[in-house]
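Peer 1: Next up is a structure, given as structure tokens.
2 protein chains.
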Amino acid sequence: MNTDFSAWAVARQSRFEEVLRDVLPQPEIAPQRLHQAMRYAVLDGGKRVRPLLAFAAGELAAAEVERVNIVAAAVELIHAYSLVHDDMPCMDDDVLRRGKPTCHVQYDEATALLVGDSLQSLAFQLLVEHRLSDGPQQQLAMIKLLAVASGSRGMAGGQAIDLDSVGKSLSLPELEFMHIHKTGALIRAAVLLGAQCGHVSAEQLAKLDHYGKCVGLAFQVVDDVLDAEADTATLGKTAGKDEDNDKPTYVSLLGVVAAREMVKNLHAEALDSLVDFGDAGQRLRELADFIVLRKF
Amino acid sequence: MNTDFSAWAVARQSRFEEVLRDVLPQPEIAPQRLHQAMRYAVLDGGKRVRPLLAFAAGELAAAEVERVNIVAAAVELIHAYSLVHDDMPCMDDDVLRRGKPTCHVQYDEATALLVGDSLQSLAFQLLVEHRLSDGPQQQLAMIKLLAVASGSRGMAGGQAIDLDSVGKSLSLPELEFMHIHKTGALIRAAVLLGAQCGHVSAEQLAKLDHYGKCVGLAFQVVDDVLDAEADTATLGKTAGKDEDNDKPTYVSLLGVVAAREMVKNLHAEALDSLVDFGDAGQRLRELADFIVLRKF
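Each protein sequence line maps, in turn, to chains A and B. Just so you know, we're using the numbering used here here: the first sequence kicks off at 2 and counts up by one. Just so you know, we're using the numbering used here here: the second sequence kicks off at 2 and counts up by one.
Quick look at the structure:
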């Protein structure tokens, strides 16, 4: 990772943490325990990949920072809610997330359920109570994008397919279909919403969408490789869960070597879709490198 | 219940069922099991009190039916998601709802979790992809109203307070605070959103809000009385749960007689806030009667 990119990312991560602290309900407001648990589940955690993608796309599109802050926060709240629910005993039953006890372990299951539900409502509240674009029609279209990316034909739908796939052998296209929904939908939404806070043509948006699709899928394949190879300490969450859960992954389907090859190809394709943007695409290029090279 | 009102309600319930069938993802679209479970959780159930309130308020405000259909559906999807999550083992652990096995019993817990999550996303998707008002700014304000009513300072927050109250003795104001959030927020939203699909003044809206607050609270007190008195067959859900769960209710706090008295007063106050509307407020008056007199 070059130092320039590293400084860029750290500055945005740190600014974004302040944004999250502001938009989340303050811990002393009733119901306090719920609000504290919401903050626990969201703050001080993760690499904020989706927000960074939104910031990079926003800068490419010369968007106002205040607008991108809001869409990045909304996407991250949706992501955080999905982690809280995903970690619950009836789903992945995980006790460790981002190096901390998961929300239902730290609080309790009922609270974790309500934390996820409330984070989702808050994401949509943010998108309607702030100005995100010059015209309100465009803003409604942006909110629709996040609603679809989150719902049964997006992220939650991908998780449902994931559930149904336990113990089954999926084909490569089926696995891809699952991940394009489960992880990809929200990553694409982050890129597109960041860009739509500024000014891009329909053609440019289509290229950014393809970039988002490639890095979203690469992100998942990298995750599968890391899960198969890394230990729990490095990963910050319980390693080897996929194999334990008998879940189909790119590694179980292709083996580690071919999975790494797939990442390389997706990486190249992501960079390809940025060619026409020239220098303005630099941060998105670096983010593609960052996502792909994380631990390889 | 007078026959005129009964015919009005039945016609709208039946039309609304078609609306829900249309807006819910079709069962043959992937992920099929999730979509089937979403339909199971929403269709063929309940008295549709919130949609009826939205329809009555919409008719009072001369709103287009197509717009009110959408806000009524969004409110009902939020309500349905809250029931699915509320029934789960980590919350109320209920097996029966609207006379049918609850969603997690009929499917499984993980699916029920995703059903609730997806229904919430769908509610917001509906509100952004349809035209609800003449101006998009007003539409954004309407969506904010539902987001706030659903989240940690609305319905989900009320449920969190409810959780924290198990085994505690609440004061009457504390119990009221809980129910104004847990049940009241969404009922008020139904009335206000129905009216805002048409044309009402700020003063009229404030009166409708007060009406919604009164019937929302009355609804909960009636529920408490019914839970204490009715048997499971009449109720369509497991009776006596509140006492079993050691939850504070209006009956445990006031006794049945004073709880009924409170309902009477709220009923009168609800009707009072409609005085200025004349004949146009008739359906809302009848709905207040309906909510209060359900099984008394």
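From the three backbone atoms N, C-alpha and C, an ideal C-beta is built for every residue, glycine too. The structure displayed is predicted, hence computed values, not measured ones.
If you draw a straight line from the C-alpha of B/L78 to the C-alpha of B/V43, how long is it?
Peer 2: 7 Å
Peer 1: Taking 7 Å as the CB-CB cut-off, is A/H211 touching chain B?
Peer 2: no
Peer 1: For B/V192 and B/L209, which I take to be in contact (beta-carbon distance under 8 Å), what is that distance rounded to the nearest angstrom?
Peer 2: 5 Å
Peer 1: Going by CA-CA distance only, name the one from B/A269, B/D88, B/S134, B/R99 that's closest to A/L114.
Peer 2: B/D88
Peer 1: Which residues in the same chain have their Cβ closer than 7 Å to the Cβ of A/A303, if we skip the five residues on either side of it in sequence?
Peer 2: Given that chain A is displayed from residue 2 to residue 297, the structure contains no residue 303 of chain A and the question cannot be resolved.
Peer 1: Is DSSP giving A/R284 helix, strand or coil here?
Peer 2: helix
Peer 1: To be precise: take each residue of the region 149 to 161 of chain A, compare its Cβ to all Cβ atoms of chain B, and keep it if any distance is under 9 Å. Which residues remain?
Peer 2: Answer in chain order: V149, A150, S151, G152, S153, R154, G155, M156, A157, G158, G159, Q160, A161.
Peer 1: Could you run through the region 47 to 58 of chain A and flag, in chain order, every residue whose CB is less than 8 Å away from some CB of chain B?
Peer 2: Those residues of the region 47 to 58 of chain A that come within reach of chain B (Cβ to Cβ, closer than 8 Å) do not exist; the list is empty.
Peer 1: Report the start-end ranges of each beta strand (DSSP E) in the region 81 to 153 of chain B that is 3 residues or longer and not cut off at the edges.
Peer 2: Segments of the beta strand (DSSP E) lying fully in the region 81 to 153 of chain B: there are none.
Peer 1: Mind listing the chain A neighbours of B/V24? Cutoff is C-beta to C-beta under 9 Å, in chain order.
Peer 2: Within 9 Å Cβ-Cβ: nothing; B/V24 doesn't reach chain A, min ~12 Å.
Peer 1: Compare the beta carbon distance of A/G155 and A/V149 with 7 Å and say whether it is the shorter of the two.
Peer 2: A contact, by the Cβ cut-off of 7 Å.
Peer 1: Which class does A/A64 belong to by DSSP, given the choice of helix, strand or coil?
Peer 2: coil
Peer 1: Compare the C-beta of A/S274 against all C-beta atoms of chain B and say whether one is closer than 7 Å.
Peer 2: no
Peer 1: Using beta carbons (cut-off 7 Å, strictly below), is B/E19 in contact with chain A?
Peer 2: no
Peer 1: Taking C-beta pairs closer than 9 Å, name the residues in chain B that A/D118 reaches, listed in chain order.
Peer 2: Going along chain B in sequence order, the residues near A/D118 (Cβ under 9 Å) are Y82, S83, H86, G117, D118, Q121, S151, G152, S153, M156, A157, Q160.
Peer 1: Terminal residues of the continuous alpha helix (DSSP H) containing A/R189?
Peer 2: 186 to 197
Peer 1: Judging by CA-CA distance, which residue of B/L194, B/M39, B/R295, B/G195 is the nearest neighbour of B/D109?
Peer 2: B/M39
Peer 1: Answer yes or no: does any C-beta atom of chain A fall closer than 7 Å to that of B/Q27?
Peer 2: Not an interface residue.
Peer 1: Of all Cβ atoms in chain A, is any one closer than 7 Å to the Cβ of B/V106?
Peer 2: no
Peer 1: Here's the rule I'm using: 16 or more other beta-carbon atoms within 10 Å means buried, otherwise exposed. How should A/A73 be labelled?
Peer 2: Residue environment analysis places A/A73 among the buried positions, since at least 16 neighbouring C-beta atoms fall within 10 angstroms of its C-beta.
Peer 1: What are the residues in the region 30 to 46 of chain A lying within 8 Å of chain B by C-beta distance?
Peer 2: Of all residues in the region 30 to 46 of chain A, I30, A31, P32, R34, L35, H36, M39 have a Cβ within less than 8 Å of some Cβ in chain B.
Peer 1: Taking 7 Å as the CB-CB cut-off, is A/Q283 touching chain B?
Peer 2: no
Peer 1: In its own chain, which residues sit with a C-beta less than 7 Å from the C-beta of A/A281, not counting the 5 before and 5 after it?
Peer 2: Around A/A281: L61.
Peer 1: Within its chain, find whatever has a CB closer than 8 Å to the CB of A/I188; leave out the 5 residues flanking it on each side and keep chain order.
Peer 2: V50, R51, L54, G213, V216, G217, F220
Peer 1: Is there at least one Cβ from chain A nearer than 7 Å to B/C198's Cβ?
Peer 2: no
Peer 1: What three-state label does DSSP hand B/I30 in the structure shown?
Peer 2: coil
Peer 1: Could you tell me whether the region 24 to 31 of chain B touches the region 96 to 108 of chain B, using the rule of 3 or more Cβ pairs below 8 Å?
Peer 2: no
Peer 1: Restricting to Cα atoms, I'd like to know which of A/F291, A/R295, A/A289, A/L285 is closest to A/A57.
Peer 2: A/L285
Peer 1: Does any residue of chain B have a CB that is nearer than 7 Å to the CB of A/A111?
Peer 2: At least one CB atom of chain B sits nearer than 7 Å to the CB of A/A111.
Peer 1: In angstroms, rounded to a whole number, what distance separates the CA positions of A/I292 and A/V222?
Peer 2: It is roughly 10 Å from the alpha-carbon of A/I292 to the alpha-carbon of A/V222.
Peer 1: Can you round the beta-carbon distance between A/P137 and B/P137 to whole angstroms, since I take them to be within the 8 Å contact cut?
Peer 2: 4 Å
Peer 1: Out of A/T103, A/A8, A/Y82, A/H80, which one is the CA nearest neighbour of A/P90?
Peer 2: A/T103
Peer 1: With distances taken from CA atoms, which of B/A186, B/M179, B/D273, B/D277 is nearest B/Y251?
Peer 2: B/M179
Peer 1: Within 10 angstroms of its Cβ, does B/F297 collect 16 or more other Cβ (buried), or is it exposed?
Peer 2: The predicted position of B/F297 is uncertain, since its pLDDT is 44 and thus under 50; no value can be drawn from it.
Peer 1: My output table needs one value for B/V167: the three-state DSSP class, helix, strand or coil.
Peer 2: coil
Peer 1: CA-CA distance, A/E270 and A/H182?
Peer 2: 19 Å
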